[in-house]
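>
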Amino acid sequence: MVDKKRKTRDDSKNSKHKTLTFKRSKGDRGKSTQKKRGGPRLPNALRKELDRVNPKNQFNSGEEDEDISSDEGNDFYEYEEGVPEEESKKNRRYDPVDNYEYELPDQFQDENVQSDDDSEYNADENNNGGLDFKRRGADHVGSDREEDDEEGHVRMLQDITGLPREAIEGKKNRRDVVVSEPYPESEYNPTRDVLDGNGRITLEDLLEGLEGKPGYSQLRKRTHQMQRKFKPLQAPLPKEVQDRLERKAAYEKSKKDITKWEPLVKRNREAPTIIFDKDIDLGFSTIGAIASEFEPRTEFEKQMASLVYDKKVMDAYKEDGARLLELNKISVEDYRDRQNHIAKMRSLLFRHEMKMKRVKNIKSKTYHRLLKKDKKKAAFREVQMDPEAAKELAMKQEYKRAEERLTLRHKNSSRWAKRILERGLNVQDEGTRAALAEQLHQHSLLTRKMNSMKDNSSSDESTDEEDDEDLAGSDEAAASKLLTKAKEKTVKVLEEDDEQPSSGVLSLPFMVRGLKKRKEAAAEEAKIYLEEYESSLKQLEDTSGVDKPKPGAISGRRVFGVPRKQTVEPSRVKLDNSSENSGSDSELDANKNIHDGLYNTNNSQDIKVKSVSLDDNAVSPRDSELKSLQNLDDIVAESGPKTTYDVAIFVSDTWKKQMGTQNDEDRSIDKSPKVTEQVTQNQDLEELGEGSGSDSEGEMVDGMLSASPNSSYKLPSQAELIREAFAGDDVEEEFTKDKEEILNEENPEPEKLISVPGWGEWTHVQKKKGLPSWMVKEHESAKRKREAALKRRKDAHLKNVIISEKLDKKAEKLLTKTLPYPFTSKEVFEQSTRMPMGPEFNPATAVGALIRPEVVKKTGVIIKPIKFEDVDPYEKSQDRKNNEPKKKHKTNRSRVRTKPVVAKS
Amino acid sequence: MGVEQENGESEKILPPIEQELADELDAKVKKYLRGEGANLEVLKDKKLRGQLSVREELYGISAKAAAKTEKWLMPSEGGYLETEGLEKTWRIKQEAIGREVDISSSRKQYDIVLPDLGPYTLDFTPSGRYVAVAGRKGHLAVVDMKDMKLIREIQVRETTRDIAFLHNELFFAAAQKKYTYIYNRDGVELHCLKEHGAVSRLQFLRNHFLLASINKYGQLHYQDITTGQMVANFRTGFGRTDVMQVNPFNGVIALGHSGGTVSMWKPTTAAPLVKMLCHPGPITAMAFHPNGHLMATSGKERKIKIWDVRKFEVIQTISGHAKTLDFSQKGLLAAASGSFVQILGDFSGSQTYSRYINHSMVKGYQIGKVLFRPYEDVLGIGHSMGWSSILIPGSGEPNFDTWLANPFETPKQRQEKEIRSLLDKLPPETIMLDPSRIGTVRPPKSREKPTKQEVEAKIEGAIDAAKNVEFKKKTKGRNKPSKRVKKRKEVIEKAKRPFFDQQMEDNPTKKKQKISQVNELPTSLQRFARKKATA
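In structure tokens form, the structure reads like this:
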């Protein structure tokens with residue numbers, strides 16, 4: 001036996017290392033196992049009993065049983081602790097300490113660690129030799145223990161069955177013994193070894209079979225290389241990030257792609273004129289032309305065409321038309337048949353009408369009820385049968401839901417409901433209360449989220465309706481499905497319960513302890529249930545046949561984690577139901593409180609009750625399971641309105657509160673803007689004041705005084721002659737005087753400095769100082785300003801010229817106020833407008849090009865989207881150098897082309 | 001590629017004749033380009049630069065085409081007198097010229113002697129085909145110069161001081177003793193323009209359809225002859241004058257005054273655009289070069305001055321007396337006084353005028369008006385004994401533009417042209433010293449006054465704001481409704497005040513002026529105060 005064991009150890013690649021870290025690892029493991037409570041712990045005696053009752057469980061059962069059996073193995077292992085100790089020390093390379101303390105956890109299962117093991121081992125080996133042996137050792141613990149487990153297990157089996165060790169130990173001698181799997185091998189049905197956790201098929205394992213074959217060494221080399229390079233895979237990026245990266249990459253690509261259009265677009269943009277499809281002859285699209293192009297496509301059209309273009313008819317038509325009449329002939333029988341047919345149809349129609357009238361007049365309630373029911377059924381059937389109809393219905397419901405959520409019509413928002421709520425619900429009679437409740441129910445129904453509506457949304461939680469549907473199809477597959485579901489749900493609930501209250505009474509230590517105890521008990525119960533489920537499932541599978549692979553039957557931790565929920569959930573519902581049944585509506589609030597408080601206690605009780613019932617029905621577990629589930633579903637369906645009821649009341653209360661707060665807010669809002677407004681007004685006033693102040697630096701504008709009249713009107717006589725003779729005497733002087741006058745008018749001279757009595761003097765003392773300095777300064781600055789203004793005049797340097805600086809308002813409108821848009825410099829704009837455009841100023845050859853519009857297009861021509869064509873990006877620059885004849889040639893060529901074309905000239 | 005070769009060739013030395021031709025063409029192209037294009041390299045806006053460069057290219061093509069077709073469209077070149085050796089052009093008599101020229105041209109030398117109806121004045125149509133003559137004593141006539149046919153001759157029997165064709169030969173205006181009249185070609189009086197008063201000089205602005213006149217009171221009138229509307233009526237304030245000339249380039253009217261000043265006017269401003277002291281004595285005559293850059297004035301102090309109107313500077317001063325001056329289309333300047341006509345020409349190209357042709361009439365003839373006939377080498381002379389015409393070689397534009405003026409116009413063409421010119425009529429505000437400024441950017445104003453509406457809106461806003469002011473709640477006695485209303489009114493007044501203050505400040509000068517005027521004289525003597533010529 002010892003030899004055997006040694007052999008197995010040698011076989012397994014992973015050599016055993018016992019290190020100091022065992023302790024720690026044990027602690028860790030302990031923690032983890034503490035969290036994941038395994039199945040219920042049965043006393044050993046009971047377990048043995050169980051084993052005796054169904055020993056085949058261990059062999060034939062699938063994956064789950066293996067766990068349990070391994071668990072059992074643990075128990076045995078304790079007795080044989082001493083044996084592997086010696087073996088472990090065979091090399092004496094490491095400190096022989098820990099094995100004494102080592103104690104297997106009550107439940108072991110950790111595949112992930114195991115799976116990491118190989119790879120990490122190899123990687124580590126390459127990277128940092130023996131430095132982290134410790135860690136490695138820790139990693140290997142799992143496998144070690146597993147082996148020990150198995151050893152124990154085998155021994156136990158040997159004891160029980162009395163078979164030779166080889167028969168039982170098929171697993172170890174994998175090479176020698178071929179074990180037929182009950183399932184076809186696939187990724188859904190992994191081999192037992194894989195499921196056991198230990199015998200992960202490594203690459204080495206696979207390669208072993210090939211040893212000695214040609215190409216083996218090469219293959220091994222490659223695998224080694226691969227393993228060397230191996231790195232743990234990164235977790236996939238979040239979807240958003242992935243998408244973003246993809247978009248980025250796509251953007252870069254399309255950006256690069258789009259640059260090829262640049263020269264083409266540039267050419268079109270730079271072209272003064274674009275000519276579209278110049279040579280296309282539109283022609284006339286007459287009705288006849290359009291009709292001639294018609295081709296029959298649909299069945300009906302083809303039939304019609306075959307009739308219309310019948311050879312006989314066509315021939316007749318072509319000849320003289322006389323034969324057309326002949327062709328038109330109908331035999332008497334035909335005509336009679338047709339008449340009869342029409343008469344029949346009419347009578348049928350009439351009868352139907354009469355029937356409908358009668359039906360319409362039926363007043364019987366039962367009839368209508370039945371009719372309604374029938375209709376509903378029909379509709380339901382239709383929905384089930386026809387995915388289109390289902391979709392439509394779903395859409396309708398979605399719409400209704402949205403509407404309800406928007407309007408909240410059934411949420412006691414009507415005046416009537418408000419009034420009733422105001423007066424208090426307790427005062428009302430049954431009828432009103434029922435009506436209110438009904439309304440709320442309506443609301444809840446309408447606003448319930450529908451998962452089944454969307455086609456693609458794969459909801460994790462299967463809804464009740466689906467369950468119902470599943471139930472409807474009552475074959476064994478459905479049953480097994482149900483069972484697995486139930487199992488899953490129980491598991492889920494088990495997991496969910498883990499959340500512990502962090503505050504309140506329940507967070508007190510003794511309460512926590514109590515809760516824990518209860519929970520553990522519940523968990524054990526659940527475990528039993530799970531086992532029950534599994535057993536029944538197995539039975540089902542045995543009976544139904546092995547062919548069908550069950551996706552739901554995947555074992556392992558993952559499955560174990562997911563399907564816990566069910567058992568507790570129905571129980572909770574049951575609890576609600578019972579309380580609701582017992583209490584009246586007024587008790588509901590209390591019920592809610594109770595619900596929170598007593599939940600945990602009730603929970604276990606209910607489950608117990610249920611389990612008992614299940615035990616009773618153990619003979620035919622399937623039926624009972626089905627029944628109970630059905631009941632549960634019914635209960636769930638019924639509980640809808642009641643549960644939402646108190647919630648609705650709560651909501652209404654909050655609504656009221658919200659209204660109050662809103663009003664407050666409104667008031668506050670009303671206040672605040674007023675204040676701000678005042679402020680703004682003040683600001684406005686200030687601004688106005690400033691504006692007026694700045695405006696008030698008035699400008700002295702008025703009519704210009706013309707030159708002093710030096711001519712009094714006289715007859716052109718002797719006197720005039722004399723005046724003319726002496727006219728030149730003081731002409732210049734007069735002119736300068738005139739000019740001065742005008743200048744003064746436009747830029748008035750500052751007032752003369754006069755010492756105003758009392759200003760700037762206190763006594764006679766200051767009189768000596770003369771005028772105050774600020775006055776002088778101001779005067780001087782005004783003078784300077786005036787001089788500068790005079791200097792700026794056009795006639796500043798022309799002694800004998802006065803040029804009026806006045807603006808002509810009428811002429812102002814001939815000038816542009818601002819630069820037109822694309823221009824930024826005045827000079828460029830003014831230069832650009834220097835050339836006249838008209839035919840009077842330009843030769844006829846140039847006028848056309850000068851005034852050609854940007855787009856030349858015939859009416860009716862469809863402008864097609866731009867098509868890619870190769871354009872030389874440097875074409876343009878050459879063009880500019882080109883002189884006239886070549887350009888003309890170009891225009892001609894471009895005009896010939898039919899595509900959207902850039903015409904240049 | 002061929003282009004570059006061509007370019008390369010142009011850089012290489014061409015045969016002299018071709019080089020000359022190329023130069024000529026370049027000069028012509030430059031003329032038709034109407035100035036330099038903007039420097040597009042500076043532009044940052046690529047799109048605009050592209051557009052403008054395309055435009056410039058088109059302009060270049062257009063100019064080149066125009067330059068190339070010029071020799072076909074303008075085949076004849078103007079002639080001039082050329083002398084040999086010591087001969088001087090001004091020594092050559094009209095008889096000698098007449099002997100040399102062809103018969104049709106020699107027919108244009110004539111004297112029409114009408115001794116009775118006093119000194120004559122004359123006006124040509126823009127095409128130069130028709131002439132209107134007016135004798136001082138009321139003799140009006142329209143003559144077709146092509147075949148020397150008298151179209152109509154009327155006797156208005158009162159003093160006629162001036163005559164002017166309107167837009168075509170069908171209508172002419174005559175400044176008579178009291179009023180101005182408009183006649184048609186048949187001598188039918190169409191309008192009596194009473195508002196103009198006793199007009200001493202008439203001018204017609206062809207592009208604007210304005211009839212401008214200066215009357216004996218020194219008032220300048222602009223009348224739109226298409227609508228009959230009096231566009232402007234200014235008192236010049238410089239006294240009586242009979243020197244008036246339109247600048248054909250921009251439509252500005254220049255008046256010569258007895259004070260030696262020349263004032264330039266446009267119909268939209270009451271004050272003269274420019275006032276310049278040209279001569280120390282009274283101005284006797286004035287003329288504008290057709291390109292609008294040159295102005296010639298003559299004063300009583302026996303000086304003729306040529307001015308650059310763009311810079312308002314004297315270019316040349318020529319001694320000599322001129323009672324009348326006129327520029328020909330080609331830029332010859334005719335000056336006449338007494339019975340002597342002198343033609344000055346600018347042959348050096350440096351705008352220095354020198355003697356070109358002298359012509360003296362019969363002794364005793366007093367020349368009243370000289371006028372070059374458009375598109376002909378002919379000078380019309382109105383004098384006291386009728387009118388004459390002499391040949392001045394190189395005075396007229398040899399090639400006429402039928403768009404502009406067609407001496408061989410058919411009635412149909414005339415009608416069409418009339419419609420066209422009416423459609424192209426320019427509004428009076430387009431008359432300005434530099435018409436090329438039209439369409440350019442307005443120079444920024446120092447401060448823009450807010451419009452009346454804006455001001456009103458502001459006031460209203462302020463009042464509204466004042467109305468909405470919330471008052472504090474006062475103590476019992478001071479919170480009466482009446483008091484509140486009163487306070488509200490006060491606030492509104494306060495809000496309005498700054499605006500009114502500002503309005504007062506905006507036009508205080510008028511008041512001040514009035515006060516100052518009032519201060520000058522006591523009220524009883526104010527009626528004798530001389531009225532200042534203000535607008």
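Chains as they are written, first to last, in UniProt numbering: chain A, 1 to 905; chain B, 1 to 535.
Backbone N, C-alpha and C define an ideal beta-carbon position, used for all residues, glycine too.
Where do the ends of the alpha helix (DSSP H) carrying Met304 of chain A lie?
Position 304 of the first sequence, counting from 1, holds the residue named residue 304 of chain A. Looking at the DSSP string, the run of the alpha helix (DSSP H) that includes Met304 of chain A is 299–308.
> Going by DSSP in three states, Thr223 of chain A sits in which element: helix, strand or coil?
Here residue 223 of chain A refers to the residue found at position 223 of the first sequence. Helix at Thr223 of chain A.
> Below 7 Å between beta carbons is the criterion; list the residues of the segment 739–753 of chain A that meet it against any residue of chain B, in chain order.
Cβ contacts with chain B come from no residue of the segment 739–753 of chain A.
> Where DSSP assigns a beta bridge to Asp144 of chain B, which residues make up the other side?
Translated into positions along the second sequence, residue 144 of chain B becomes position 144. Paired residues: B:Tyr130, B:Lys149.
> Suppose the cutoff is 8 Å on Cβ atoms and the five residues either side in sequence are ignored; what does the same chain contact list for Ala417 of chain A look like?
Translated into the one-based positions of the first sequence, residue 417 of chain A becomes position 417. Cβ within range, chain order: Leu436, Gln439.
> List, in order along the chain, the chain B residues whose C-beta lies closer than 8 Å to that of Thr816 of chain A?
What you label residue 816 of chain A is simply residue 816 of the first sequence in a count that begins at 1. Those are Gly439, Thr440, Val441, Arg442, listed as they occur along chain B.
> For chain B, find out if any of its Cβ atoms is closer than 8 Å to the Cβ of Arg834 of chain A; answer yes or no.
In the first sequence, counting from the first residue as 1, residue 834 of chain A sits at position 834. Yes, its Cβ sits closer than 8 Å to a Cβ of chain B.
> With a 10 Å radius around its C-beta and 16 neighbouring C-beta atoms as the bar for buried, classify Met295 of chain B as buried or exposed.
On the second sequence, position 295 is the one that residue 295 of chain B refers to. With 16 or more Cβ atoms within 10 Å of its Cβ, Met295 of chain B is classed as buried.
> Sort out for me which residues DSSP pairs Trp265 of chain B with in a bridge.
As a working mapping, residue 265 of chain B is identified with position 265 in the second sequence. Looking at the DSSP assignment, Trp265 of chain B forms a beta bridge with B:Ile253.
> Anything in chain A within Cβ reach of residue 549 of chain B, meaning under 8 Å, just list it in chain order.
No answer is possible for residue 549 of chain B: it lies beyond the span of chain B, which begins at 1 and ends at 535.
> Is Gly292 of chain B close to chain A, meaning its C-beta is less than 8 Å from at least one C-beta of that chain?
Position 292 of the second sequence holds residue 292 of chain B. Judged by the 8 Å Cβ criterion, Gly292 of chain B is not in contact with chain A.
> In whole angstroms, what separates the C-alpha of Arg222 of chain A from that of Gln242 of chain A?
For the purposes of this step, residue 222 of chain A is identified with residue 222 of the first sequence, where counting begins at 1. For the purposes of this step, residue 242 of chain A is identified with residue 242 of the first sequence, where counting begins at 1. Spanning the two alpha carbons is a distance of roughly 32 Å.
> How would you list, in chain order, the residues of chain B whose beta-carbon sits under 8 Å from the beta-carbon of Glu840 of chain A?
Within the first sequence, residue 840 of chain A is the residue found at index 840, counting from 1. Trp403, listed in chain order.
> Take Ser530 of chain A as the anchor and find which of A:Lys492, A:Thr833, A:Leu370 has the nearest alpha-carbon.
To locate residue 530 of chain A, count along the first sequence from 1; it is residue 530. Note that residue 530 of chain A is Leu in the sequence shown, not Ser. Nearest option by C-alpha distance: A:Lys492.
> Relative to the C-alpha of residue 536 of chain B, which residue among B:Met504, B:Gln503, B:Gln502, B:Lys467 is closest?
Absent from the model: residue 536 of chain B. The displayed extent of chain B is 1 to 535, so no value can be given.
> Around the C-beta of Asp730 of chain A, are 16 or more other C-beta atoms found within 10 angstroms, so that it is buried, or is it exposed?
Here residue 730 of chain A corresponds to residue number 730 of the first sequence, with the count starting at 1. Exposed is the call here.
> For the putative contact between Met230 of chain B and Glu195 of chain B, defined by C-beta atoms under 8 Å, what is the C-beta separation to the nearest angstrom?
Indexing the second sequence from 1 puts residue 230 of chain B at position 230. Indexing the second sequence from 1 puts residue 195 of chain B at position 195. With a Cβ gap of about 6 Å, Met230 of chain B and Glu195 of chain B count as contacting.
> Pull the bridge partners of Arg201 of chain B from the DSSP assignment, please.
Along the second sequence, read from residue 1 onward, the residue named residue 201 of chain B stands at position 201. B:Ile214.
> For chain A, is any of its Cβ atoms less than 8 Å away from the one on Arg55 of chain B?
As a position in the second sequence, residue 55 of chain B is number 55, starting the count at 1. True, the Cβ-Cβ gap to chain A drops below 8 Å.
> Cβ of Gly256 of chain B within 8 Å of Cβ of Met286 of chain B?
Along the second sequence, one-based indexing puts residue 256 of chain B at 256. Along the second sequence, one-based indexing puts residue 286 of chain B at 286. Yes; because the gap between Cβ atoms is below 8 Å, this pair is in contact.
> Give me whichever residues DSSP pairs with Glu189 of chain B in a beta bridge.
Residue numbering aside, residue 189 of chain B sits at position 189 when the second sequence is read from its first letter. Looking at the DSSP assignment, Glu189 of chain B forms a beta bridge with B:Tyr183.
> Spatial neighbours of Thr160 of chain B within its chain, please: CB distance less than 6 Å, with the 5 preceding and 5 following residues excluded, ordered by chain position.
Here residue 160 of chain B is taken as the residue at index 160 of the second sequence, counted from 1. Counting only Cβ-Cβ distances below 6 Å, and skipping sequence neighbours, we find Ala134, Gly138, Ala174, Gln176.
> Residues in its own chain within less than 8 Å of Lys494 of chain B by CB, not counting five upstream and five downstream?
For the purposes of this step, residue 494 of chain B is taken as residue 494 along the second sequence, with counting starting at 1. Closer than 8 Å at the Cβ level, and outside the excluded window around Lys494 of chain B, lie Ala466.
> With a cut-off of 8 Å, do at least 3 Cβ pairs link the segment 386–397 of chain B to the segment 104–116 of chain B?
Yes: at least three Cβ pairs fall under 8 Å.
> Any beta carbon from chain A within less than 8 Å of Met230 of chain B's own beta carbon?
Sequence index remark: in the second sequence, residue 230 of chain B carries index 230 (1-based). Judged by the 8 Å Cβ criterion, Met230 of chain B is not in contact with chain A.
> Gly368 of chain B versus chain A: which residues are under 8 Å apart at the beta carbon?
Numbered from 1 along the second sequence, position 368 holds the residue referred to as residue 368 of chain B. Correct list: empty, because the minimum Cβ distance to chain A is about 16 Å.
> If we cut at 8 Å on Cβ distances, does Gln831 of chain A have a partner in chain B?
Indexing the first sequence from 1 puts residue 831 of chain A at position 831. Yes, because at least one Cβ of chain B sits closer than 8 Å to the Cβ of Gln831 of chain A.
> Check each candidate in B:Tyr179, B:Ile163, B:Arg185, B:Asp162 and name the one with the smallest Cα separation from Phe171 of chain B.
If you number the second sequence from 1, residue 171 of chain B lands on position 171. It is B:Arg185.
> At which residues does the alpha helix (DSSP H) containing Trp72 of chain B begin and terminate?
Here residue 72 of chain B corresponds to residue number 72 of the second sequence, with the count starting at 1. Residues 46–73.
> For a quick check, are the C-beta atoms of Arg442 of chain B and Glu827 of chain A less than 8 Å apart?
Numbered from its first residue, the second sequence carries residue 442 of chain B at position 442. Numbered from its first residue, the first sequence carries residue 827 of chain A at position 827. Against a cut-off of 8 Å, the Cβ pair of Glu827 of chain A and Arg442 of chain B comes out as no contact.
> Take every Cβ of the segment 771–787 of chain A, pair it with every Cβ of the segment 310–322 of chain B, and state whether three or more of those distances are shorter than 8 Å.
With the cut-off at 8 Å, the segment 771–787 of chain A and the segment 310–322 of chain B do not touch.
> For Thr259 of chain A, would you say it is in contact with chain B, using Cβ-to-Cβ distances shorter than 8 Å as the test?
Residue numbering aside, residue 259 of chain A sits at position 259 when the first sequence is read from its first letter. It does not: the Cβ of Thr259 of chain A has no partner Cβ on chain B nearer than 8 Å.
> Along the chain, where does the beta strand (DSSP E) containing Ile803 of chain A start, and where does it finish?
Against the first sequence, residue 803 of chain A aligns to sequence position 803. Start and end: 801–803.
> Count the other C-beta atoms from every protein chain shown that fall within 10 angstroms of the C-beta of Ile754 of chain A, then say buried if there are 16 or more, exposed otherwise.
Translated into positions along the first sequence, residue 754 of chain A becomes position 754. Ile754 of chain A should be labelled exposed.
> Going by alpha carbons, who is nearest to Gln223 of chain B out of B:Gln245, B:Gly237, B:Asp242, B:Thr180?
Indexing the second sequence from 1 puts residue 223 of chain B at position 223. Comparing Cα-Cα distances from Gln223 of chain B to each of B:Gln245, B:Gly237, B:Asp242, B:Thr180, the minimum goes to B:Thr180.
> Considering just the uninterrupted stretch of the beta strand (DSSP E) at Gln245 of chain B, what are its terminal residues?
For the purposes of this step, residue 245 of chain B is taken as the residue at position 245 of the second sequence. First-last of the beta strand (DSSP E) with Gln245 of chain B: 243–246.
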